[in-house]
Amino acid sequence: MLAYVTGAPDAHSTTASTEWNSGMGLNENKDAEFIVALVEYLEENYKLNSDKTYAVGFSNGAFMTHRIAIEAGDTFEAIVSVAGMMPKAIWE
Numbered sequence: 208m209l210a211y212v213t214g215a216p217d218a219h220s221t222t223a224s225t226e227w228n229s230g231m232g233l234n235e236n237k238d239a240e241f242i243v244a245l246v247e248y249l250e251e252n253y254k255l256n257s258d259k260t261y262a263v264g265f266s267n268g269a270f271m272t273h274r275i276a277i278e279a280g281d282t283f284e285a286i287v288s289v290a291g292m293m294p295k296a297i298w299e
């Protein structure tokens, strides 16, 4: 199974674009919790194999993979960041 998901605009900003709350800005979306909840839902309802659950992100999604590696690493077998730096807030 393959699931493509994207971040959402920050509810507190009228000008925000669609993005992940990777920890780089002031976005208050609880995206790490959303991703974990999505994985749990897919495991329960679609028999997703938790031993073969991976996360891959590009650009802002790559920033987000760093965050979920730290905050929810036990949810995934492996996490890949493609073309995205690690935010200082996550590094620390």
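If you want our numbering, it's the position in the sequence shown, counting the first as 1, plus 207.
Virtual Cβ for every residue (Gly too), placed ideally from N, Cα, C.
Quick caveat: nothing in here was measured; it's all calculated off a predicted structure.
Q: Would you kindly check if the distance between the Cβ of Val-243 and the Cβ of Ala-276 is under 9 Å?
A: Taking 9 Å as the Cβ cut-off, Ala-276 and Val-243 do not qualify as a contacting pair.
Q | Neighbourhood of Met-293 by C-beta, 6 Å cutoff - its chain only, sequence neighbours within 5 removed | A | His-273
Q. Below 9 Å between beta carbons: does that hold for Gly-264 and Gly-291?
A. yes
**Q.** Cβ neighbours of Met-271 in the same chain (closer than 6 Å, five flanking residues each side left out)
**A.** Trp-227, Ser-229 and Gly-264
Q.
What does DSSP give as the partner residue(s) for Tyr-261 in the beta ladder?
A. Ala-285
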